[in-house]
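Peer 1:
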Amino acid sequence: GGGAARTPARYAAPRLVLASGRTEEAVQELTQLAAQHRDDAGLHALLDAVHRHNIPGHSYRGFAVLTDPPVQECIEIESGDPRPVWFVFSGMGSQWPGMAKTLMQLPAFAASINRSAAALRPHKLDLINIITEAPAAAFDDVINSFVSIAAVQVALVDVLRALEIRPDGIVGHSVGEIGCAYADETLTAEQAVLAAYWRGRSIVDAKLAPGAMAAVGLSWEQCEARCPPDLVPACHNANDSVTISGPVESLEKFVAELSAEGTFARRVNSSGVAFHSKYIAAAAPLLRRSLEKVITSPKPRSSRWVSSSLPRDQWDSDLAKLSDANYHVNNLLSPVRFADALREVPARSIVVEVAPHALLQAVLKRALPAPAAA
456 GGGAARTPAR YAAPRLVLAS GRTEEAVQEL TQLAAQHRDD AGLHALLDAV HRHNIPGHSY
516 RGFAVLTDPP VQECIEIESG DPRPVWFVFS GMGSQWPGMA KTLMQLPAFA ASINRSAAAL
576 RPHKLDLINI ITEAPAAAFD DVINSFVSIA AVQVALVDVL RALEIRPDGI VGHSVGEIGC
636 AYADETLTAE QAVLAAYWRG RSIVDAKLAP GAMAAVGLSW EQCEARCPPD LVPACHNAND
696 SVTISGPVES LEKFVAELSA EGTFARRVNS SGVAFHSKYI AAAAPLLRRS LEKVITSPKP
756 RSSRWVSSSL PRDQWDSDLA KLSDANYHVN NLLSPVRFAD ALREVPARSI VVEVAPHALL
816 QAVLKRALPA PAAA
């Protein structure tokens with residue numbers, strides 16, 4: 456109607472506008488209209504109402520995020536069966552200072568973080584400060600790193616659930632398997648963040664000798680053949696990407712040797728711990744004792760969750776059946792067989808990396824079968 460005042464928008468976070476159409480141009484026209492009127496809440500509500508349900512014949516879909524400048528994209532949808540959705544949960548290295556500061560503007564995310572913060576408060580941890588304000592040095596403490604990663608992953612799963620996005624398959628890298636357990640509904644949110652806390656606490660309390668890790672551009676077999684006796688291949692990330700683990704001096708010497716011959720080799724920040732090796736065995740009984748108090752009624756792992764902490768020939772073993780203390784202790788000590796687990800991802804899958812930072816994008820793009828999209 457002429458002269459009707461538009462409703463000015465008051466959004467806590469940048470507005471997402473969705474549109475569909477018979478042609479790419481039709482979608483672009485709608486998303487551009489929304490972007491040109493990014494303060495018009497009435498227009499945005501109208502577009503939401505129109506596109507709340509699928510419209511027959513609309514084979515083009517698009518979105519605009521009303522930032523400055525706006526982010527816009529349009530795709531043609533595939534006919535045929537829906538593509539499988541897989542969640543991949545990253546591990547150490549995905550944490551960073553301020554990782555959740557802007558995400559706290561999303562109500563579903565903030566509500567989840569507040570629940571996790573309450574679970575950690577008795578342990579004298581201020582989760583919200585750690586993930587929004589704490590400096591980089593705070594993540595030298597492995598406890599802060601683990602609880603941050605787990606709490607953010609739990610909150611992101613909660614956001615995805617609010618959007619009615621649920622996975623057909625789940626894979627985790629190292630401590631990312633705690634995120635898997637939450638997505639698989641074998642751990643509650645509280646159990647997941649407490650499992651992450653006790654994983655870190657057991658490492659601190661075990662008073663381990665200083666250790667280190669490095670990413671190297673070798674195959675798993677090459678690492679097994681070339682690593683000095685006191686170093687071990689710890690994470691099989693991709694055909695040509697392995698993380699090795701062991702004592703600091705020996706690892707630094709081997710990294711220098713590989714670099715000198717032109718092979719990629721770089722230390723990774725593992726908080727001074729040689730994860731996924733015999734060097735952290737002393738933490739295992741401490742972690743088992745604590746997890747048995749947290750996970751009092753273990754639930755069976757579903758077939759959606761592909762294990763990266765057990766070799767393929769043990770996927771049907773007793774150890775693989777439950778998301779219990781034994782499974783999660785084994786995850787801490789055992790090599791990460793991530794490349795093996797990724798072989799289970801079907802070719803047409805849409806893969807969502809669930810983490811504070813998209814740490815595994817390069818690995819996923821190389822390892823996933825075309826035309827899977829990560």
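Heads up, the sequence shown is in the working numbering, so the first residue is 456 and it goes up one at a time.
The C-beta atom is built at its ideal place from N, Cα and C for all residues, glycine as well.
#1: So, at 6 Å on beta carbons, what are the nonlocal neighbours of Ala738 in its own chain, with the 5 sequence-adjacent residues on each side left out?
#2: Counting only the same chain and skipping the five closest in sequence on each side, list residues whose C-beta sits under 7 Å from that of Ser567.
#3: Terminal residues of the continuous beta strand (DSSP E) containing Thr698?
#4: Out of Val784, Ser778, Leu713, which one is the CA nearest neighbour of Arg830?
#5: Quick one: residues in its chain with C-beta nearer than 7 Å to the C-beta of Gly456, no 5 flanking neighbours on either side, listed in chain order?
#6: Which of the three DSSP states, helix, strand or coil, is assigned to Ala474?
#7: If you reduce the DSSP assignment to three classes, tell me which class Met547 lands in.
#8: Between which two residues does the alpha helix (DSSP H) harbouring Lys518 extend?
#9: Using only CA atoms, which one of Ser696, Leu765, Ser726 lies nearest to Ala817?
#10: Do Ala651 and Ala720 have their CB atoms nearer than 8 Å?
#11: I need the straight-line Cα distance from Tyr466 to Ala504, nearest angstrom please.
#12: Let me confirm a value: Glu808 is counted as buried when at least 16 other C-beta atoms fall within 10 Å, else exposed. Which label applies?
#13: If you run the structure through DSSP and keep just helix, strand and coil, what is Arg570?
#14: Locate the alpha helix (DSSP H) running through Glu799, then write down its first and last residues.
#15: In terms of DSSP beta bridges, what is Phe542 paired with?
#16: When burial is assigned at 16 or more other CB atoms within 10 Å of the CB, is Leu797 buried or exposed?
#17: Out of Gly624, Leu485, Arg507, which one is the CA nearest neighbour of Gln806?
#18: Do you know how far the Cα of Lys754 is from the Cα of Arg470?
#19: For the region 716-735 and the region 671-678, state whether three or more C-beta atom pairs, one from each stretch, are separated by less than 8 Å.
#20: Return the chain-ordered list of same chain residues with a C-beta closer than 7 Å to the C-beta of Gln769, the five sequence neighbours on each side being excluded.
#21: List the residues that DSSP assigns as beta-bridge partners of Ile530.
#22: Pull up the distance between the alpha-carbon of Tyr558 and that of Ala680, whole angstroms please.
#23: Could you give the C-beta distance for Ser700 and Pro683, rounded to a whole number, given that I count them as a contact under 8 Å?
#24: Do the region 482-495 and the region 516-526 touch if we need at least three Cβ pairs shorter than 8 Å?
#25: Terminal residues of the continuous beta strand (DSSP E) containing Cys690?
#26: Kindly list the residues whose CB is nearer than 8 Å to the CB of Gly458, restricted to its own chain and excluding five residues on each side of it in sequence; keep chain order.
#27: At 4 residues or longer, and completely inside the region 616-673: list those alpha helix (DSSP H) runs for me, N to C.
#28: Given this structure, state the Cα-to-Cα distance separating Pro740 from Val800, to the nearest angstrom.
#29: To the nearest angstrom, how far is it from the Cα of Leu788 to the Cα of Gly727?
#30: Under a three-way DSSP split, which group does Asp495 fall into?
#31: Leaving aside the five residues before and after Ser549 along the sequence, list all residues of the same chain whose C-beta is less than 7 Å from its C-beta, in chain order.
#32: Taking its Cβ as the centre, do 16 or more other Cβ atoms sit within 10 Å of Gly535, making it buried, or is it exposed?
#33: Assuming Asn692 and Ala794 are in contact, meaning their beta carbons sit under 8 Å apart, how far apart are those beta carbons, in whole angstroms?
#34: Could you tell me the distance, in whole angstroms, from the CA atom of Ile441 to the CA atom of Val526?
#35: When you compare the CB positions of His499 and Val540, do they come within less than 8 Å of one another, or not?
Peer 2: Let's see:
#1: Ser657, Ile658, Ala661
#2: Val609, Ala610, Asp613, Ala644
#3: Residues 696-702.
#4: The displayed coordinates of the chain run from 456 to 829. Any statement about residue 830 would go beyond what the structure contains.
#5: Reliability fails at Gly456, whose pLDDT of 44 lies under 50, so the model's placement of it is uncertain and no value is given.
#6: Ala474: strand per DSSP, three-state reduction.
#7: Correct three-state label for Met547: coil.
#8: Checking the displayed sequence, the identity of residue 518 turns out to be Phe instead of Lys. From DSSP, Phe518 is part of no alpha helix (DSSP H) but of the beta strand (DSSP E) over 515-520.
#9: Ser696
#10: no
#11: 18 Å
#12: buried
#13: Arg570: helix per DSSP, three-state reduction.
#14: Careful: Glu799 lies outside any alpha helix (DSSP H) and carries neither H nor E.
#15: Ile625, Val807, per the DSSP bridge assignment.
#16: buried
#17: According to the sequence provided, residue 806 is Val. The question's Gln does not apply to it. Taking only the C-alpha atoms, the option nearest Val806 is Gly624.
#18: Rounded to the nearest angstrom, the gap between the Cα atoms of Arg470 and Lys754 is 38 Å.
#19: Because the criterion of three Cβ pairs below 8 Å is met, the region 716-735 and the region 671-678 touch.
#20: Correct list, in chain order: Ala775.
#21: Arg516
#22: Per the sequence shown, the amino acid found at residue 558 is Leu instead of Tyr. Their backbone Cα atoms lie some 44 Å apart in a straight line.
#23: Incorrect: roughly 12 Å between the Cβ atoms, too far for contact.
#24: yes
#25: Judged by DSSP secondary structure, Cys690 falls within the beta strand (DSSP E) whose first and last residues are 687-693.
#26: In this prediction, Gly458 scores a pLDDT of 46, lower than 50, which makes its location untrustworthy; the coordinate-derived value is nonetheless stated afterwards. Correct list: empty, nothing qualifies.
#27: 631-638, 644-660
#28: 34 Å
#29: 16 Å
#30: strand
#31: For Ser549, where only same-chain residues beyond five positions count, the Cβ hits under 7 Å are Ile604, Ala810, Pro811, His812, Leu814.
#32: exposed
#33: 6 Å
#34: Residue 441 is absent from the model: the chain starts at 456 and stops at 829.
#35: no
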